[in-house]
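Take the sequence shown: its position 120, counting from 1, is numbered 141 in the numbering used here, and each next residue is one higher.
Every residue gets a Cβ at the ideal spot worked out from N, C-alpha and C, and that includes glycine.
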Amino acid sequence: MKKTIFILLAVLALTAASFGAQQAVKVDYWIIDGHGGMAYPVGESGNNVNMGFGFGVSARKGLDTEISVGGGISYLNMAYKDTTAPAPFSATVLDAEAVYAPYLPDWFIWPYAKFGIASYMVNYVKLDASSNPVSTSETTFGFLVGGGARYPINNQLAVNLELLFNQASLAGGTGDSYTFLTLMVGVSYYMK
């Protein structure tokens with residue numbers, strides 16, 4: 022719970038700092054994203070879970086014409102390869118994110134890069150002392166990094182495709198590390 026509160030406070034601090042920044046050009050916009058797609062395990066995670074699905078929303082405040090900061094919440098679900106597992110691997114991801122989108126007004130597709138720190142509320146299966154699978158949950162920190170591209174429909178709407186690498190380390194960084202890619206398709210709304 023402390024980690025979740027810390028991330029919320031970090032997002033609020035970044036947003037508050039953006040309001041106080043002095044700028045030569047007035048920038049006043051928010052970006053609201055809704056997205057859904059697939060989650061694909063990589064590394065050791067790929068040995069244990071199958072490809073699954075994910076969806077979420079995020080909101081960011083523009084600091085200037087190229088940088089925005091904010092946060093989001095996403096849900097991911099991937100079934101275990103072992104059919105005796107009592108529940109799938111799932112995670113609710115609460116992140117603080119920063120996006121760099123170079124100002125390219127003559128391009129018909131706008132690329133961007135994203136980085137974030139996140140609190141992963143994970144439900145997973147582990148073996149107990151008698152080697153029986155047991156469903157358990159844990160809240161842990163991790164990060165996400167990647168990028169995407171937006172195709173503007175008009176001045177306020179855009180369709181986007183985004184690929185992110187996620188890593189969540191269980192047991193306070195001493196346990197298994199769940200790594201996965203998310204490939205999401207979404208819609209972005211610009212509030213000015």
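When the Cα atoms are used, Ser95 and Pro173 turn out to be separated by approximately 23 Å. Ser156 sits away from Val143, with the two beta carbons spaced by 7 Å or more.
Within the stretch 70–144, the complete beta strand (DSSP E) segments of 3 residues or longer fall at 73–83, 88–99 and 110–121, listed in chain order.
Within a 10 Å sphere around the beta-carbon of Ser151 sit fewer than 16 other beta-carbons, which makes this residue exposed. In the DSSP annotation of this structure, Gly64 is not part of any beta strand (DSSP E), being labelled neither H nor E.
When the Cα atoms are used, His56 and Gly77 turn out to be separated by approximately 6 Å.
Taking a C-beta distance under 7 Å as the contact criterion, Thr160 and Leu191 do not qualify as a contact pair.
Taken through DSSP and simplified to helix, strand or coil, Leu178 comes out as strand.
Annotation for Tyr172: the continuous beta strand (DSSP E) segment containing it runs Pro154 to Pro173. In this structure, the straight-line span from the alpha carbon of Pro107 to that of Tyr101 is close to 9 Å. Between Ala122 and Trp131, the C-beta gap is smaller than 7 Å, which places the two residues in contact. Here Phe201 is near Ala60, since their CB atoms are less than 7 Å apart. Taking C-beta separations shorter than 6 Å and ignoring five residues to either side along the sequence, the partners of Val166 in its chain run Phe136 and Phe186, following chain order.
Taking the C-beta atoms as reference points, Ala112 is found no nearer than 7 Å to Gly168. For Lys147, the beta-bridge partners assigned by DSSP are Val155.
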